[in-house]
Amino acid sequence: MATKSKVLIVGGTGFLGKRLVKASLENGHDTYILQRPEIALDIDKIQMLISFKMQGAHLVHASFNDHRSLVDAVKLVDVVICAISGVYGRSHQILLQLKLVEAIKEAGNIKVNLTLVYLLWKVCFLCFKKKKWT
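Residue numbers (this note's numbering): 1330 to 1463.
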């Protein structure tokens, strides 16, 4: 029998993220959802988080403005899935993802495919600079 993963989903209340949370829970994974402070201003997202918690998800309080809280959140899991949207603009999303990558790097417990990371970084860089593919 395969061991189930401990999964942290960042952006778990968004369009894609809520589907990832549901799938993770349905597949029996120990599912953690990053709960950022700014979510407290959105009653629909709070209700969604409460529903996920009632289904067995763990809520992890962390902020992109608090590096230590991100590192501590990453240390709880084996897998990190980032599903944050570009609602505040593409450059803002990339900066948040870079903060998450730094937390993953410092935590040291997540195995990363460096070739894939390089390719993703290249895509982000090209999008950020608004250059065309060559």
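Glycine residues also receive a C-beta, built at the ideal position from the N, C-alpha and C atoms.
Practice problem: Whole angstroms is fine: what's the gap from I1423's alpha carbon to R1365's? | Solution: By 1-based counting over the sequence shown, the position of residue 1423 is 94. By 1-based counting over the sequence shown, the position of residue 1365 is 36. Taking the straight line joining both Cα atoms gives about 17 Å.
Quiz item: In angstroms, rounded to a whole number, what distance separates the CA positions of I1375 and A1369?
Solution: For the purposes of this step, residue 1375 is taken as the residue at position 46 of the sequence shown. For the purposes of this step, residue 1369 is taken as the residue at position 40 of the sequence shown. Computed Cα separation, rounded: 7 Å.
Quiz item: Considering D1373, what are the terminal residues of the alpha helix (DSSP H) in which it resides?
Solution: On the sequence shown, position 44 is the one that residue 1373 refers to. Element bounds for D1373: 1372–1383.
Quiz item: For T1360, which beta-bridge partners are listed by DSSP?
Solution: Here residue 1360 refers to the residue found at position 31 when the sequence shown is read from its first residue. V1336, per the DSSP bridge assignment.
Practice problem: Let me know if F1393 comes out buried or exposed under the rule of 16 or more other beta-carbons within 10 Å of its beta-carbon. | Solution: Position 64 of the sequence shown, counted from the start, is the residue given in the question as residue 1393. By the 10 Å Cβ count, F1393 comes out buried.
Quiz item: Does the distance from the C-beta atom of V1350 to that of A1391 stay below 9 Å?
Solution: If you number the sequence shown from 1, residue 1350 lands on position 21. If you number the sequence shown from 1, residue 1391 lands on position 62. No; because the gap between Cβ atoms is not below 9 Å, this pair is not in contact.
Self-check item: Closest by C-alpha distance to K1434, when choosing among H1421, K1404, I1413, V1336
Solution: Counting from one through the sequence shown, the residue named residue 1434 turns up at place 105. Comparing Cα positions, the closest option is K1404.
Quiz prompt | Rounded C-alpha distance that separates L1337 from D1407 | solution = Locating residue 1337 in the sequence shown gives position 8, counting from the first residue. Locating residue 1407 in the sequence shown gives position 78, counting from the first residue. Spanning the two alpha carbons is a distance of roughly 8 Å.
Practice problem: Evaluate S1353 with the Cβ neighbour count: other Cβ atoms within 10 Å of its Cβ, from every protein chain shown; 16 or more gives buried, anything less gives exposed. | Solution: Along the sequence shown, read from residue 1 onward, the residue named residue 1353 stands at position 24. Buried is the call here.
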